[in-house]
Amino acid sequence: MKILVTGGVGYIGSHTCCELLANNYEVVIIDNLSNSSIDVVAKIEKITGKKVTFYEGDVCKKEILSKIFKQEKIDAVIHFAGYKAVGESVEKPLMYYRNNIDSTLSLLEVMKEYNCKKIVFSSSATVYGNPETLPITEDFPLHTTNPYGTTKLMIEQILADLYKADNNWSIAILRYFNPIGAHKSGIIGENPNGIPNNLMPYIVKVATKELKELNIFGNDYNTKDGTGIRDYIHVIDLAQGHIKAIEKITKEKGIDTYNLGTGNGYSVLDLVNTFKMVNHVDIPYKIVERRKGDIAICYASTKKAEKLLNWTAKLTLEDMCRDSYNYAIKNRKDK
Ligand code: NAD
Ligand code: UDP
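Heads up: the sequence shown begins at 158 in my numbering, then just goes up one per residue.
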């Protein structure tokens, strides 16, 4: 089976490509490298010992998509391509709506034209806003607080309307919680440009002494140690969730939404302490003001994915901390 992976050179996409190849899928990637580097294509091939077909191009542009669908016999698509920085989306909403919505519409139109009607879409737990109770199940009310989240919600709606109009589609919407970690080999991982916004990449840069100390955004939340709680999931577990979603949409038509998380909530201090313990490094930190827009606690109910996708996350917080650091160290040595 041949899978088109949009944004396949990025963080989650590259790990998913490795899992797809390991499971004997053929992989075709389209990526415009706006947030990734071409070297990753060779790295995926190095890890797996298999070839991928790479097209450099913009998923908003139907011409290149048509060319791909004409040349390759694509059976299903995993759609990762998009912008993902919450803060940037508040400052540049039009850029976010243009890229995330346009790319999806172009992709769906071309898929329809070539009668390829199987798609897995990367959504996010951000669509739940500030949940009233926990754990979060897929039927919770949806509410977004920034343009990035709204693009995800809009795309979910587009997919729902598309299925309503044509029941031949098979659609899996995956709502990711907090992906961290890296491939065990240390060859691929998360590599944000500039000063990271997210917790794990920031901790890694403090560990490697590229940044002086971590700012912990508030210790006065109503949580066990006052710091924010999230459901961190290893990117390899997440990647494997995509394989299960592909299996599901290949078997049956329909549209469904699944949380991909571990179901466990860890605080900022849990992550800092685990990282220090497994990697034997110091992570100096100071407590600062809460970050605007942050919620106190967010973790998934994973029952639906367990039952319908036959998938559960297996890797631990220790694995996530070890693999994130291992990737950072290896990458520094490579430079
Ligand atoms: P990433 O930025 O590492 O990967 C996205 C890739 O898409 C990049 O390689 C980028 O170059 C490419 N891209 C962007 N716009 C494109 C376009 N118009 N045409 C072609 N390529 C384009 O991000 P990621 O962390 O791997 O996230 C993948 C998907 O998962 C995104 O849709 C993101 O919103 C979603 N998601 C990510 C997280 C997270 O914490 N990383 C959480 C929830 C959802
Ligand atoms: N966080 C922090 N310092 C940072 C980055 C994040 O204390 O430099 C906290 C943040 O307040 C939240 C948790 O870490 O409680 C996870 O934040 P991240 O941005 O990684 O994920 P999100 O908030 O989008 O779920």
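Ideal Cβ positions, reconstructed from N, Cα and C, are used throughout, including at glycine.
Legend entry - Short Cβ contact (9 Å threshold) for GLU370 with LEU466: For this step, residue 370 is matched to residue 213 along the sequence shown. For this step, residue 466 is matched to residue 309 along the sequence shown. Their beta carbons are not under 9 Å apart, which means GLU370 does not touch LEU466 by this criterion.
Inset, instruction - Whole angstroms is fine: what's the gap from TYR423's alpha carbon to TYR389's? - result: As a position in the sequence shown, residue 423 is number 266, starting the count at 1. As a position in the sequence shown, residue 389 is number 232, starting the count at 1. Their Cα atoms are separated by approximately 7 Å.
Legend entry - Rounded separation between ASN350 and THR205 - CA only: Position 193 of the sequence shown, counting from 1, holds the residue named residue 350. Position 48 of the sequence shown, counting from 1, holds the residue named residue 205. Near 26 Å, if we compare the C-alpha coordinates of THR205 and ASN350.
Inset, instruction - Could you round the C-beta distance between ASP196 and GLY165 to whole angstroms and report it? I think they count as a contact, below 8 Å. - result: The count along the sequence shown starts at 1 and reaches residue 196 at position 39. The count along the sequence shown starts at 1 and reaches residue 165 at position 8. The Cβ separation is near 14 Å, so there is no contact.
Inset, instruction - With a threshold of 8 Å, establish whether the CB of ARG489 neighbours any heavy atom of the ligand UDP. - result: For this step, residue 489 is matched to residue 332 along the sequence shown. For the ligand UDP, not one heavy atom lies less than 8 Å from the Cβ of ARG489.
Legend entry - Boundaries (first-last residue) of the alpha helix (DSSP H) holding ALA233: The sequence position of residue 233 within the sequence shown is 76, counting from 1. Looking at the DSSP string, ALA233 is not in any alpha helix (DSSP H); the run it does join, the beta strand (DSSP E), is 233–236.
Inset, instruction - Report all residues from its chain with a CB closer than 6 Å to the CB of LEU472; omit the five preceding and five following residues, and keep chain order. - result: As a first step, residue 472 must be located in the sequence shown, where it is residue number 315. Answer for LEU472: HIS391, ASP394, listed in chain order.
Inset, instruction - Under 6 Å Cβ to Cβ from ILE400, same chain only, skipping five residues before and after it: list those, please. - result: Counting from one through the sequence shown, the residue named residue 400 turns up at place 243. Closer than 6 Å at Cβ, skipping near neighbours: GLU176, ASN180.
Legend entry - Helix, strand or coil at ALA457 according to DSSP, with G and I counted as helix: For the purposes of this step, residue 457 is identified with residue 300 of the sequence shown, where counting begins at 1. Correct three-state label for ALA457: strand.
Inset, instruction - Find the nearest neighbour of LEU319 within the set LEU264, ASP476, VAL184, ILE440, judged by alpha-carbon distance. - result: Taking the sequence shown and counting its residues from 1, the one referred to as residue 319 is at position 162. The shortest C-alpha separation from LEU319 is found at LEU264.
Legend entry - Contact check, ILE201 vs GLU183, beta carbons under 9 Å: Against the sequence shown, residue 201 aligns to sequence position 44. Against the sequence shown, residue 183 aligns to sequence position 26. Contact flag unset, no.
Inset, instruction - Using beta-carbon positions only, say whether PHE237 and SER279 come within less than 9 Å of one another. - result: The residue given as residue 237 occupies position 80 in the sequence shown. The residue given as residue 279 occupies position 122 in the sequence shown. Yes, Cβ-Cβ distance for PHE237 and SER279 is below 9 Å.
Legend entry - Backbone CA spacing between SER246 and LYS449 [nearest angstrom]: For the purposes of this step, residue 246 is identified with residue 89 of the sequence shown, where counting begins at 1. For the purposes of this step, residue 449 is identified with residue 292 of the sequence shown, where counting begins at 1. Rounded to the nearest angstrom, the two C-alpha atoms are 14 Å apart.
Inset, instruction - Say whether the segment 432–448 touches the segment 295–304, bearing in mind that this needs 3 or more beta-carbon pairs closer than 8 Å, one atom from each stretch. - result: no
Inset, instruction - Run the CB neighbour count on THR290, radius 10 Å, all protein chains shown included, and call it buried at 16 or more, exposed below. - result: Mapped onto the sequence shown, residue 290 falls at position 133. With fewer than 16 Cβ atoms within 10 Å of its Cβ, THR290 is classed as exposed.
Inset, instruction - Along the alpha helix (DSSP H) that carries GLU313, what are the first and last residues, could you check? - result: Your numbering for residue 313 matches position 156 in the sequence shown. It spans 304–322 - the alpha helix (DSSP H) in which GLU313 sits, taken as one unbroken run.
Legend entry - Three-way DSSP call (helix, strand, coil) for HIS437 in this model: In the sequence shown, residue 437 corresponds to position 280, counting from 1. Residue state, collapsed to three classes: coil.
Inset, instruction - Could you please give the first and the last residue of the uninterrupted alpha helix (DSSP H) stretch that includes ALA396? - result: Translated into the one-based positions of the sequence shown, residue 396 becomes position 239. 392–408 is the span of the alpha helix (DSSP H), which, as asked, contains ALA396.
Inset, instruction - Report, in whole angstroms, the separation of the C-beta atoms of VAL429 and GLY385, which I expect to be a contact under 8 Å. - result: Taking the sequence shown and counting its residues from 1, one reaches residue 429 at position 272. Taking the sequence shown and counting its residues from 1, one reaches residue 385 at position 228. Rounded, the Cβ-Cβ distance is 12 Å, inconsistent with contact.
Inset, instruction - Express the C-alpha separation of ASP413 and ILE330 in angstroms, rounding to a whole number. - result: If you number the sequence shown from 1, residue 330 lands on position 173. If you number the sequence shown from 1, residue 413 lands on position 256. Roughly 6 Å between the two C-alpha positions.
Inset, instruction - Quick one: measure Cβ to Cβ for ILE406 and ILE312, integer angstroms, because I've assumed they're closer than 8 Å. - result: The count along the sequence shown starts at 1 and reaches residue 406 at position 249. The count along the sequence shown starts at 1 and reaches residue 312 at position 155. Between ILE312 and ILE406 the Cβ distance is about 16 Å, and since that is not below 8 Å, they are no contact.
Legend entry - Bridge partner(s) assigned by DSSP for ALA329: On the sequence shown, residue 329 is found 172 positions in, with the first residue counted as 1. Bridge partners of ALA329: VAL277, ASP413.
Inset, instruction - Output yes or no for whether 9 Å exceeds the beta carbon distance between ALA339 and TYR484. - result: Start at 1 with the first residue of the sequence shown, and residue 339 comes out as number 182. Start at 1 with the first residue of the sequence shown, and residue 484 comes out as number 327. Yes; because the gap between Cβ atoms is below 9 Å, this pair is in contact.
Legend entry - ASN421 to PRO250 span [Cα, whole Å]: Reading the sequence shown from its first residue, position 264 is the one you call residue 421. Reading the sequence shown from its first residue, position 93 is the one you call residue 250. Distance between the alpha carbons of ASN421 and PRO250: 32 Å.
Inset, instruction - Can you grab the Cα-Cα spacing for the pair GLY343 / ILE337, in whole Å? - result: For this step, residue 343 is matched to residue 186 along the sequence shown. For this step, residue 337 is matched to residue 180 along the sequence shown. Approximately 13 Å between the Cα atoms of the pair.
Inset, instruction - Could you tell me the distance, in whole angstroms, from the CA atom of LYS309 to the CA atom of ASN257? - result: On the sequence shown, position 152 is the one that residue 309 refers to. On the sequence shown, position 100 is the one that residue 257 refers to. Approximately 8 Å, taken between the alpha carbons.
Inset, instruction - Compute the minimum distance between the beta carbon of ILE328 and the heavy atoms of the ligand NAD, and state whether it is under 8 Å. - result: Here the question's residue 328 lines up with position 171 in the sequence shown. The answer is no for ILE328.
Inset, instruction - Taking only the alpha-carbon atoms, compute the straight-line gap between VAL512 and LYS227 and give it to the nearest angstrom. - result: Lying outside 158 to 492, the shown extent of the chain, residue 512 is not represented and no answer is given.
Legend entry - beta-carbon PRO353 near the ligand UDP non-hydrogen atom, thresh 8 Å: In the sequence shown, counting from the first residue as 1, residue 353 sits at position 196. Within the cutoff, so yes.
Inset, instruction - Over the uninterrupted alpha helix (DSSP H) stretch that includes ASP259, give me the two end residues. - result: Counting from one through the sequence shown, the residue named residue 259 turns up at place 102. Segment 250–270, the alpha helix (DSSP H) holding ASP259.
Inset, instruction - Please state whether DSSP places GLU213 in a helix, a strand or coil. - result: Position 56 of the sequence shown, counting from 1, holds the residue named residue 213. GLU213: strand per DSSP, three-state reduction.
Inset, instruction - State yes or no: is the C-beta of ALA457 nearer than 8 Å to some heavy atom of the ligand NAD? - result: In the sequence shown, the residue the question calls residue 457 occupies position 300. False, no ligand heavy atom lies under 8 Å from that Cβ.
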